[in-house]
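S.K.:
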Amino acid sequence: MKKEVFILSISLLFGTAFSQECKYHKVKSGESLEKIAKNYGVSVQELIKANKNLNPNKLKVGENLCIPQKTPAKAQDYAIYKVKKGDALQSIAEKFGVDVQELKSFNNLKSEKIIEGQEIKIPAKGTAKKQKKETQEYGTYVVQKGARLEHIAKKLGVSQRELEELNPELKGKWLTKGTVVKVPKQEQKKEKREEKYTVYKIKKGGRLEHVAERLGVPKEELERLNPELKGKRLSAGTEVKVPVKAERKEPKVPYKTYVVQRGAKLEHVAKKLGVSQRELEELNPELKGKWLTKGTVVKVPLKVEEKRQAVRPVENPLEERKQESTSKAEAEMPQEVKISRNSLPMPVDGRVSRNGRGITITTDCGKPVRAVDSGRVIYSGGDLKAYGNMVIVDHGDFISIYAYNEKNLVKRGDSVSSGQQIALVGRKNEGEECMLYFELRNKEGVPLDPTEYIRNTQ
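The working numbering numbers the first residue of the sequence shown as 1 and each following residue consecutively.
1. Go through the region 178 to 241 residue by residue and report every complete run of the alpha helix (DSSP H) that reaches 4 residues or more, in order.
2. Among residues of its own chain, excluding the 5 on either side of V348, which ones have a beta-carbon nearer than 8 Å to its beta-carbon?
3. Report, in whole angstroms, the separation of the C-beta atoms of S418 and V372, which I expect to be a contact under 8 Å.
4. May I ask you to report which of helix, strand or coil DSSP gives V425?
5. Which residue wins for smallest C-alpha separation from Y141, given the options E112, E267, T176 and A403?
6. Quick one: using the 10 Å Cβ neighbour count with 16 as the cut-off for buried, is P400 buried or exposed?
7. May I have the straight-line CA-CA distance separating C365 from N226, to the nearest angstrom?
8. Indicate whether the contact test is met: 3 or more Cβ pairs, each with one atom in the region 254 to 268 and one in the region 282 to 299, closer than 8 Å.
9. To test your reading of the DSSP string, which unbroken alpha helix (DSSP H) runs of 4 or more residues are found completely within the region 77 to 146?
10. Identify the continuous alpha helix (DSSP H) that holds E162 and give its terminal residues.
11. Return the chain-ordered list of same chain residues with a C-beta closer than 7 Å to the C-beta of E281, the five sequence neighbours on each side being excluded.
12. Please classify N39: does DSSP put it in a helix, a strand, or coil?
13. Quick check on the DSSP output: the alpha helix (DSSP H) that includes H268 runs from which residue to which?
14. Does the region 57 to 66 come within contact of the region 79 to 86, defined as at least 3 CB pairs closer than 8 Å?
15. Output the boundary residues of the beta strand (DSSP E) element that contains A403.
16. Pick from D99, L215, I422 and G237: whose alpha carbon is nearest that of Y379?
17. Give me whichever residues DSSP pairs with Y437 in a beta bridge.
18. Between the Cα of P123 and the Cα atoms of I114, G139 and E102, which residue gives the shortest distance?
19. Tell me which residue opens and which closes the beta strand (DSSP E) that Q420 is part of.
20. What are the start and end residues of the beta strand (DSSP E) that includes P450?
21. What does the alpha-carbon distance come out to for the pair V410 and G274?
22. Which first and last residues belong to the beta strand (DSSP E) in which V69 is found?
23. Check for me: the beta strand (DSSP E) holding H395 runs from which residue to which?
24. Look at the alpha carbon of K60 and the alpha carbon of G117, and state the distance between them as a whole number of angstroms.
25. Kindly identify the DSSP beta-bridge partner or partners of E21.
26. Check whether the region 163 to 181 touches the region 349 to 356, taking contact to mean three or more Cβ pairs, one atom from each stretch, closer than 8 Å.
27. Grouping DSSP H, G and I as helix and E and B as strand, with all else coil, what is K173?
28. Quick check: the Cα distance between F438 and S91, rounded to an integer number of angstroms?
29. In this structure, how does DSSP classify P462 when only helix, strand and coil are distinguished?
30. Quick check: what's the CA-CA separation for G206 versus K230?
31. Can you tell which of P56, K443, P345 and N355 has the C-alpha that lies nearest to the C-alpha of S32?
32. State the DSSP-derived secondary structure class of V44, mapped to helix, strand or coil.
33. Using the Cβ count rule (16 or more neighbours within 10 Å means buried), how would you classify N405?
34. Is DSSP giving T326 helix, strand or coil here?
35. Note down, in chain order, each residue of its chain lying with its Cβ closer than 7 Å to the Cβ of A264, except the 5 sequence neighbours on either side.
Right, dumping it as structure tokens:
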């Protein structure tokens, strides 16, 4: 919406200018008569003449000065444009569709040199086009109850800065019922669509991307509806606006998750697991019709465990589900690991402690986390609250897991080399200590003791 054209500090002064018409300027600290004269395109003598009691050698802060408004060669309407940083007279002329020489003459300028904050008069013919655009691109919103611009901005989903630039006279003021506020037209329509959106209350800490994944709605749409929450950590109880069509209750059907072993679609997974395609589509609306690559996590009804004992869905990429019915099959799987002991480098330097199936490495936040061997990323996300941001790399004969990351630097499907930076060290569940959680597993998913394969962990 080309707001740079209209956020001009443009104060329309339409009306024919007379020879002794005044525009008043309040003297600010540090200003001189010469600077004020130059800003308004008049001479010091003209200022002194227009202000009879003025002491040119001793300006008083807060004093109102009459700035004489000269009659142009032809009486005509004009607007005032305040020069911004980086502006040139030529660019201003082009912006308003007037000739640069005409602009110089209209403002009694001897050269094209201008300074930030200087006010430039724009002939009416140059403002007509801009006024028309303003009429077309901006609408109005009538305040329903007492509020400030920041409250209106939040209600309409538009930035507070935009509203302040469009309504400088309302900045910082309390707006009573009936106050008319200028808003971009496309934002104005949002209020009329308000009934199409509902509120989702955060149950656990997270970010908008986690809500998007949970509800199956694009993150960009949530950011558009909740600009004030973009990039922020959301605490339990935070209310997030979501499209009604996207909001859905948590599936009533108990479910686990199944990790796709090779490319397929939901219909293929349904056939393999002995469930209906419709059930999988209801549990995984964001995967409907898509080609699923190896490593994609699919929610499947819990009853699948009872129907298909050979299938081993996992609750999440770190938690294996062990059942008596599958223990024999697992025992028959090859357990050989083709990596030498003490052959892998540390993913990050720090103090090593055992932690369940893996180890934690206490170190500084923000330090680079490096892949212990070359491979392909099969998971990169923050779906599991207990592990925060996590990366899983498939190295062929084994997999490595890196969790509690401040930020993941790779995405699923990326190929990584040994020693490549894949994440930054973060904190466990927003705790005080900075650390990395690290695991090794064989290709069947059986945990390995990292201290036996990683160098310098003793």
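Note that the Cβ used here is the ideal one computed from N, Cα and C, for glycine as well.
This one's a predicted model, so the numbers in the text were calculated from it and none came from an experiment.
M.R.: The answer reads as follows:
1. 185 to 192, 208 to 215 and 219 to 225
2. I361, T363, K367, P368, V369, R370, V425 and L436
3. 7 Å
4. strand
5. T176
6. As written in the sequence, residue 400 is Ser, which differs from the Pro given in the question. When all chains shown are included, S400 counts as buried.
7. 29 Å
8. yes
9. 89 to 96, 100 to 106 and 124 to 137
10. Q160 to L166
11. L266 and K288
12. helix
13. L266 to L273
14. no
15. F398 to N408
16. I422
17. T360 and A403
18. E102
19. It is not in any beta strand (DSSP E) - Q420 carries neither H nor E in the DSSP assignment.
20. P450 -> not in any beta strand (DSSP E); alpha helix (DSSP H) instead, spanning P450 to Y453.
21. 34 Å
22. The identity of residue 69 in the sequence shown is Gln, whereas the question assumes Val. Looking at the DSSP string, the run of the beta strand (DSSP E) that includes Q69 is N64 to Q69.
23. First-last for H395: undefined, no H or E at that position.
24. 20 Å
25. Q69
26. no
27. coil
28. 57 Å
29. Since the first residue shown for the chain is 1 and the last is 458, residue 462 is missing from the structure and cannot be characterised.
30. 12 Å
31. P56
32. helix
33. buried
34. Confidence is the limiting factor: at T326 the pLDDT is only 42, short of 50, which leaves the residue's position unreliable, though a coordinate-based value still follows. Residue state, collapsed to three classes: helix.
35. L292
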